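Comments concern the structure below.
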Amino acid sequence: MKRADALEYHAQGRPGKIAVVPTKPLNNQRDLALAYSPGVAEPCLEIQKNPEDAYRYTAKGNLVAVVSNGTAVLGLGNIGALAGKPVMEGKANLFKQFADLDVFDLEVGSEDPADVIRFCQLLEPTVGGINLEDIRAPDCFLIEEELRRTLKVPVFHDDQHGTAIISGAALLNALEVTGKEIAAIRVVFSGAGAAAIATAEHYVRLGVRREHIIMCDRAGVIYEGRGDDMDPYKARFALRTDRRTIAEALDGADVFVGLSVAGAISAAMLERMADRPVVFALANPVPEVMPDEVLAVRPDAIMATGRSDYPNQVNNVLGFPFIFRGALDVRATEINEEMKMAATRALAALAREDVPDSVSVLYGKRGVRFGRDYLIPFPFDPRVLLWVAPAVAWAAVASGAARDFIDLDEYRDQLEARLGRARGIMRGIMNRAMADPRRVVFPEGEEPKVIRAAQIVVDEGIAQPVLVGNPLIIRETAAQHGIPLDEIEIEDPVASSRRERYAEALWRHRQRKGLSLAGAQQRLQDPVFYGAQMVACEDADAMVSGVNLHYPETVRPALQVIGAAPNAGVVSGVYMLVFEKQVVFCGDTTINIDPTAEQIAQIAYAASWLVRTLGITPRIAMLSFSNFGSVRHPDTDKVARAVELLRQRDPSLEVDGEMQADTALDPHALAETYPFSRLREPANVLIFPNLSAGNIAYKLLHRLGGATAVGPILVGMRRPVHVLEQGASVEDIVNMTAVAVVDAQQRGATADGARA
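Taking my numbering, the leading residue of the sequence shown gets 8, the next gets one more, and so forth.
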């Protein structure tokens, strides 16, 4: 990274990395009177009567102060409060991006610990928590201890505890990989500053014996009776030993933890460590010893660093945003040891879960799974919020530090929503699927991504998967990728006992369309035809396919074997596009090239049925290049006719058109320019006049508009069949499986289950 690039990044546009963004409108005199005088007096009076109402009427409950005096900034040392401000702004950015927490970065112009303490004490009415940052040792210990004693909001020195919590998770999993017991290991620390001492204490709470820890600083081993360069915090780890150098300390050690400087040890010093040593070289930006140097002399070593270009990055961003998120959401009065321990164990547990492709691809990887090169989650794994924050919140409740109680399931739903509307909606779909799992057949059962997705849906209780393919290939592929096949059914289309029954059924269904019995038997060797026939014969509730197939290769067999619903007559593809502020459904985007008015009406009806299935009230706009007859043309007349037909079929639907796309999404235009429109709010279902318009529009919205695309969701089929985009990720497959299960549930719950 070039110096000029870093400077330009901070200087471009509005200088710095953060801004204050209002959360309430201020568009007119009424808003002004509510936001400030006289209206603002009312919440002031309520808070005066009940201070807890500050969490109801102000931003206190989502606000963290990042406080520093700049005496120990990164690897730069004592550069002063002002020079440290870019770091504090960066910290604020991370809080917001990873956990949706607002931050004031506050740089204190004093090196006197008493000033920092008093400053933070005076902040207590303003913020929900205080993150101490880049304060030198031993001042940081004194400051944090006094603030924890005197304040009733969480105080957390990330330089101490962040490294302890994250490396603690890595330690637990490294011991899992090596098969060593934590009570038996010997640990050597290079460095005796704030991070090292806090990390050593955390390891003791995890189960490392204090007498098995040797801590070294610039003067060598910290031992009983040493007089030089000691303080009460180092003295906790003064050991009765005759070892005096770090090289001597490493002899026979199981774990090395570097929290010092580059070059603090040499690779040669590690040669005498125990078998399968664990080496955490965490100095930044250059570790105490480079991983390639370590592996050259100890190929059996497990490595972790603070760098993103090597496996197992111990990055504090895995901790502080989510720890504060959980603490503030239960109005915790402190961040205690139980909460820190909960964060460590949650991170360790998450690392043992499958990694979604959407996360792996951010790091240029595929097929990431737990092991020596993956001990802790990636920093950009969005699941960290969903694991760590609830664990911390619940630990606060259980330990008596919380002033509010949470329902864990509801809380996870709230956290999903913070990650974006797409994840919030998918969470709801997942919950519905798990309430009543159905059998879902996957014709591409030999594909590794499909096998992994099947294992995930079993683990999550989303569906009962059936993999179609050669059992030997499926088992070999699963073994190669470390995927268990427990509770996953495999169906061999060549040797299945169902084959003759399926051939007979397919022949009867297609015999007047030129298909012979022998032809039916031949077609059923195709896994997609076989999977579709399983659904047609009700041996499976839904089919999901398309990872390695062109769209027609899945749709055509489904149409021939299953066909459209009797009341539908037309099958179409709908995409759910999720933006930060809204969700929009688009149809038809995949099948009908130039639909008639009757077909457009059916496409809209099927889309509305899908939207209702997902628990959303549909508001349908039938799109054209004309607004309510402003242009007369056969194409606009066709759309206007489709509106009439749809209203006749279901008068309860909120639908209008023909209209232009901007009109459909503009509440002012709908209310002022077209007051007669039946749409009272912006449309959330956009129905296009032809396939060109629909396909182009959804792709532009996805690529240029930044929308998350879920689909295509096939509607109008007699039974549930859903087609994946070619190259879909494991996460896409899991999401579509949940959609398929909910689709199957809904059809079974209605008298006219195939009505869409």
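C-beta atoms are modelled at their ideal positions from N, C-alpha and C, and glycine is treated no differently. Remember, it's a predicted structure, so these values are computed and weren't measured experimentally.
- For M348, the enclosing alpha helix (DSSP H) stretches over residues 344-358.
- Under the criterion of beta carbons closer than 8 Å, N742 and V591 do not qualify as touching, at roughly 17 Å.
- In summary, A42 is exposed, with fewer than 16 beta-carbon neighbours lying within 10 Å of its beta-carbon over all protein chains present.
- Exposure of E494 is indicated by the presence of fewer than 16 other C-beta atoms within 10 angstroms of its C-beta.
- Per the Cβ contact rule, the segment 64-73 is in contact with the segment 101-111 (3 or more Cβ pairs under 8 Å).
- Between the segment 485-504 and the segment 525-539 there are three or more C-beta pairs closer than 8 Å, enough to call the two in contact.
- Remark: C-beta atoms of R250 and E231 do not approach each other more closely than 8 Å.
- Of the other Cβ atoms in all chains shown, 16 or more fall within 10 Å of the Cβ of Q667; this residue is therefore buried.
- With fewer than 16 neighbouring CB atoms inside 10 Å of its own CB, R217 falls in the exposed class.
- Excluding five sequence positions before and after K187, the CB atoms of its chain that fall closer than 7 Å to its own CB belong to D261, given in chain order.
- Counted as a single uninterrupted DSSP element, the beta strand (DSSP E) harbouring I720 occupies residues 715-722.
- In chain order, P50, E53, I54 place their CB closer than 8 Å to the CB of Y64, counting only its own chain and leaving out the 5 sequence neighbours on each side.
- Out of L621, P602, G622, the CA that lies nearest to the CA of M629 is found in P602.
- Here DSSP, grouped into helix, strand and coil, assigns P328 to helix.
- Just measuring C-alpha positions, the residue of A402, T185, N322 sitting nearest G378 is T185.
- Cβ neighbours of G23 within its own chain (closer than 6 Å, five residues either side excluded): E96.
- Cβ-Cβ distances below 6 Å link A201 to A144, C147, D166, Q167 in the same chain, with the five nearest sequence neighbours on each side left out; the list follows chain order.
- Counting along the chain, D224 sits inside the beta strand (DSSP E) bounded by residues 220-224.
- Sequence-distant partners of Y537 (beyond 5 residues in either direction) whose C-beta falls short of 6 Å from its own C-beta, in its chain, are V475, P500, L531.
- Counting only unbroken stretches of 4 or more residues, the alpha helix (DSSP H) elements lying wholly within the segment 95-142 are 120-130, in sequence order.
- Partner residues in a beta bridge of S633, as assigned by DSSP, do not exist.
- Excluding residues up to 5 positions away in sequence, V337, R338 lie with their Cβ nearer than 7 Å to the Cβ of D411 in the same chain.
- The C-alpha of V562 lies about 41 Å from the C-alpha of D107.
- By the criterion of at least three beta-carbon pairs nearer than 8 Å, the segment 435-448 is in contact with the segment 745-753.
- G313 sits buried, since 16 or more C-beta atoms from the chains shown fall within 10 Å of its C-beta.
- Here A614 is buried, its C-beta having at least 16 other C-beta atoms within 10 Å.
- Residue state for A751 is assigned as helix, using DSSP reduced to three classes.
- Boundaries of the alpha helix (DSSP H) harbouring G538: 534-543, taken from the DSSP string.
- The alpha-carbon separation between L721 and I627 amounts to approximately 18 Å.
- Going by C-alpha positions, F102 is about 9 Å away from F331.
- Shown here, Q471 sits in a strand according to DSSP, grouped into three states.
- Within the model, the alpha-carbon separation for G580 versus R519 is close to 28 Å.
- With distances taken between CA atoms, A700 lies nearest to G594 out of A735, Q609, G594.
- In the three-state reduction of the DSSP assignment, G265 falls in the strand class, which pools E and B.
- Taking all protein chains in view, the Cβ of F244 is crowded by 16 or more other Cβ atoms within 10 Å, so the residue is classified as buried.
- In terms of Cα proximity to Q567, the closest of T78, V293, Q540 is Q540.
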